[in-house]
Amino acid sequence: MAGTDAETVVRSGKEKHRPRETDIRLPVRGAEDGSQQKRGHHARRPRHGQHNAPLYAALDLGTNNCRLLIARPEERGFRVVDAYSRIVRLGEGVGSNKLLSSAAMDRAIDALANCHRKLADRGVMRSRLIATEACRAAENGAEFIERVKAETGLALEVVNRETEARLAVAGCASLVDHEADGVILFDIGGGSSEIVWLDLRNRCGARGYALTRFIRSWISLPVGVVNLAERHGGVHVTPDIFEAMVEDAAEHLASFSLADNLAEAISSGRVHMLGTSGTVTTLAGVHLGLRRYDRRRVDGTWLDDIDVSKMIDQLRDMPYEARVENPCIGADRADLVLAGCAILEAIRRRWTCSRLRVADRGLREGILTELMAADGVWAHRKPGRRPERRRQRNRT
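Numbering follows the UniProt record's numbering, with no gaps: position 360 of the sequence shown is 360.
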């Protein structure tokens, strides 16, 4: 759900394109340190404000969505020039039969072909194209990757769960409270959910991408909104079904080795949650009473613990038909949103935080940040007044 302007949003088979450019400002102090990407031989260090700077792209093929982001670097972040998102449900049925279905692969390849055209039309110079849990879990995942290469020309990289967790941090780190001693960052996906503990007690002013160095621990749960809804049902969810989904997710949390240490840190320090997923952006949109999803209103929103509880209860009591009609949910997510709420509830019951910050950004922004940091595009930026952050609207 993390999204931005200038994107094609697909809802129920319809595509809409918003040809705007938008800024994403990222505190990049120390960004050139600790990057795990090598500098590309064809990437040039742009002069700030130069409109012909090389374009970068990030593609994230997940269990539920196919997302693309194309951007050019600027002095303190990057400007998104094009984006695309389509719900493909690639992981549909993988939880039960361990195979990507023919229909799901066809949907994904159709979306990827659109992405290939955008990459070619824009003349992208540097890119990273990743696939996550659905391709990791499916027995025919490697075969699908080969088919994608043959039919679209795109070379997808199936990343491991640790990489996925790190990219989530890289994409959302600029939303970390500057005074926080720690952050529980979570990304509720379609086939897996990543939880990261950032221990910031000794960060010494580090911000933005540099915070990836403070990852204390992480866990990737093999449960997401798609496979959880498939196991328990996502259309007509009774209180008992919802509680069963919460318990299902909670069982996986039990394997987090530092869970007790994290709980102790929360009780003794300034810790907040930071969530990046369709679940939390939906909760924020409903909480704000938006008649139409607006990214600029949602990204960075703070929710109190009591607000989160109220929103989960409200969605749980909402009939399926009402979820379909809600502008912040829609038909594509109406059968998945309660599974996401159940995963969030399991996290909240294990670790109680008074505040949750909502991020409408994630893996794609993390990929772009790492690529640009590796190329040193911010290494020689001029110190001085920080530009006013521009806000973005619209959703993937």
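Just so it is clear, CB atoms sit at the ideal spot from N, CA and C, and this is done for glycine as well. In this text, all values refer to a predicted model and were calculated from it rather than measured experimentally.
Query                                                                                                                                                       : Result
When you compare the stretch 90-109 with the stretch 146-162, are there three or more beta-carbon pairs, one atom per stretch, that lie closer than 8 Å?    : yes
Are three or more beta carbon pairs between the stretch 158-170 and the stretch 202-214 nearer than 8 Å?                                                    : yes
Answer with buried or exposed for V246, where buried requires no fewer than 16 other C-beta atoms within 10 angstroms of its C-beta.                        : buried
Would you check if the stretch 81-94 and the stretch 111-125 touch, i.e. whether three or more CB-CB distances between them fall below 8 Å?                 : yes
Pull up the distance between the alpha-carbon of S267 and that of A229, whole angstroms please.                                                             : 33 Å
Since I believe G182 is in contact with V226 (beta carbons under 8 Å), could you give me their beta-carbon distance rounded to a whole number of angstroms? : Contact flag wrong, Cβ pair sits at about 30 Å.
What's the gap between the Cα of V271 and the Cα of V176?                                                                                                   : 10 Å
L253 to E264, Cα distance in whole Å?                                                                                                                       : 16 Å
Check H178 in the structure and name its three-state DSSP category.                                                                                         : coil
State the DSSP-derived secondary structure class of K38, mapped to helix, strand or coil.                                                                   : Confidence at K38 is low in this model, with a pLDDT of 35, below 50, so its placement is unreliable and no value can be given for it.
May I have the straight-line CA-CA distance separating A339 from V196, to the nearest angstrom?                                                             : 20 Å
Can you tell me whether P239 is helix, strand or coil according to DSSP?                                                                                    : helix
Do C341 and L315 have their beta-carbon atoms positioned less than 7 Å apart in this structure?                                                             : yes
Does the stretch 63-81 come close enough to the stretch 122-134 to have 3 or more Cβ pairs within less than 8 Å?                                            : yes
Check whether the Cβ atoms of E274 and M311 sit closer than 7 Å, and answer yes or no.                                                                      : The sequence given here places Leu at residue 274; Glu does not occur at that position. No, Cβ-Cβ distance for L274 and M311 is not below 7 Å.
Report yes if the C-beta distance between E133 and K98 is below 7 Å; otherwise report no.                                                                   : no
Looking only at DSSP bridge pairs, what is D82 linked to?                                                                                                   : I70
Once DSSP output is grouped into helix, strand and coil, what is the label at S255?                                                                         : coil
Rounded to the nearest angstrom, what separates G289 and A142 at their Cα positions?                                                                        : 43 Å
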